[in-house]
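For reference, the structure discussed in these notes is given below.
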Amino acid sequence: MKIVMGSDHAGLSLKKQIISHLEEQGHEVVDVGTNDGSSVDYPDFGLKVAEEVSTGNYDRGIVICGTGIGISIAANKVKGIRCAMVSDTFSAEMARAHNNANMIGFGERVVGLGLATKIVDVFLKTEFEGGRHERRVNIIKEIEDKNFK
Ligand code: RB5
Numbered sequence: 000m001k002i003v004m005g006s007d008h009a010g011l012s013l014k015k016q017i018i019s020h021l022e023e024q025g026h027e028v029v030d031v032g033t034n035d036g037s038s039v040d041y042p043d044f045g046l047k048v049a050e051e052v053s054t055g056n057y058d059r060g061i062v063i064c065g066t067g068i069g070i071s072i073a074a075n076k077v078k079g080i081r082c083a084m085v086s087d088t089f090s091a092e093m094a095r096a097h098n099n100a101n102m103i104g105f106g107e108r109v110v111g112l113g114l115a116t117k118i119v120d121v122f123l124k125t126e127f128e129g130g131r132h133e134r135r136v137n138i139i140k141e142i143e144d145k146n147f148k
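Heads up, the sequence shown is in numbering that gives the first Met the number 0, so the first residue is 0 and it goes up one at a time.
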């Protein structure tokens with residue numbers, strides 16, 4: 000799978016470890032930054048990842064900041080992005096199965112490497128269930144059409 004990842008300084012260490020894990024599994028991963036520990040603004044990196052996913056350049060996006068909250072909020076401002084901020088594997092599974100999420104976000108200050116790895120694995124392997132969930136995701140798309148330029 001083609002995956003794009005981004006983080007701010009507070010998510011940098013966990014991002015690098017997740018990238019190693021995904022590459023070991025044979026995924027193609029691109030990192031849009033940040034790449035050093037100096038303080039940066041998380042919306043810039045949420046936006047970069049979201050744009051790559053919304054344009055179809057990548058199958059999935061993963062964003063990490065201190066909590067996962069800010070960078071996920073920023074990503075969700077891009078049309079076509081459904082970025083679920085998750086801190087557990089059940090939510091990661093449901094984000095795909097029910098919400099057809101194309102991105103997840105989580106926080107390096109919230110989840111450890113072991114849990115983050117399982118969250119990512121579940122997110123990448125779970126298929127969207129469609130059916131009644133498709134109708135609901137389509138309603139989200141209608142909301143986007145009304146409210147995005
Ligand atoms: C940075 O200190 C922190 O605010 C950021 O990583 C994130 O947690 C924001 O939501």
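All C-beta atoms, glycine included, are put in the ideal place defined by N, C-alpha and C.
| query | What first and last residue would you give for the alpha helix (DSSP H) that runs through D120? | reply | Along the sequence shown, read from residue 1 onward, the residue named residue 120 stands at position 121. Start and end: 112 to 124.
| request: Would you check if the distance between the CB atom of G60 and the CB atom of N101 is smaller than 9 Å? | output: In the sequence shown, the residue the question calls residue 60 occupies position 61. In the sequence shown, the residue the question calls residue 101 occupies position 102. Here G60 is near N101, since their CB atoms are less than 9 Å apart.
| task | Compute the Euclidean distance between the alpha carbons of G104 and V119, then round it to the nearest angstrom. | result | Numbered from 1 along the sequence shown, position 105 holds the residue referred to as residue 104. Numbered from 1 along the sequence shown, position 120 holds the residue referred to as residue 119. Each residue's alpha carbon lies about 10 Å from the other.
| said: Quick check: the Cα distance between E22 and V3, rounded to an integer number of angstroms? | reply: Counted from its first residue, the sequence shown places residue 22 at position 23. Counted from its first residue, the sequence shown places residue 3 at position 4. Between the alpha carbons of E22 and V3 lies a gap of roughly 12 Å.
| task | Please state if the CB of V77 and the CB of A49 are separated by a distance shorter than 9 Å. | result | The residue given as residue 49 occupies position 50 in the sequence shown. The residue given as residue 77 occupies position 78 in the sequence shown. In contact: A49 and V77 (Cβ atoms closer than 9 Å).
| message | So E128 and A96 are supposed to be a Cβ contact under 8 Å. How far apart are they, rounded? | response | As a working note, residue 128 is residue 129 in the sequence shown. As a working note, residue 96 is residue 97 in the sequence shown. E128 to A96, Cβ: 5 Å. Contact.
| message | Please report the distance separating the alpha-carbon of V39 from that of G69. | response | Within the sequence shown, numbered from 1, the residue matching residue 39 stands at position 40. Within the sequence shown, numbered from 1, the residue matching residue 69 stands at position 70. When rounded, the distance between both Cα atoms is 12 Å.
| Opening and closing residue of the beta strand (DSSP E) in which S12 lies | The count along the sequence shown starts at 1 and reaches residue 12 at position 13. Taken as a continuous stretch (DSSP letters only), S12 belongs to no beta strand (DSSP E), being part of the alpha helix (DSSP H) at 11 to 23.
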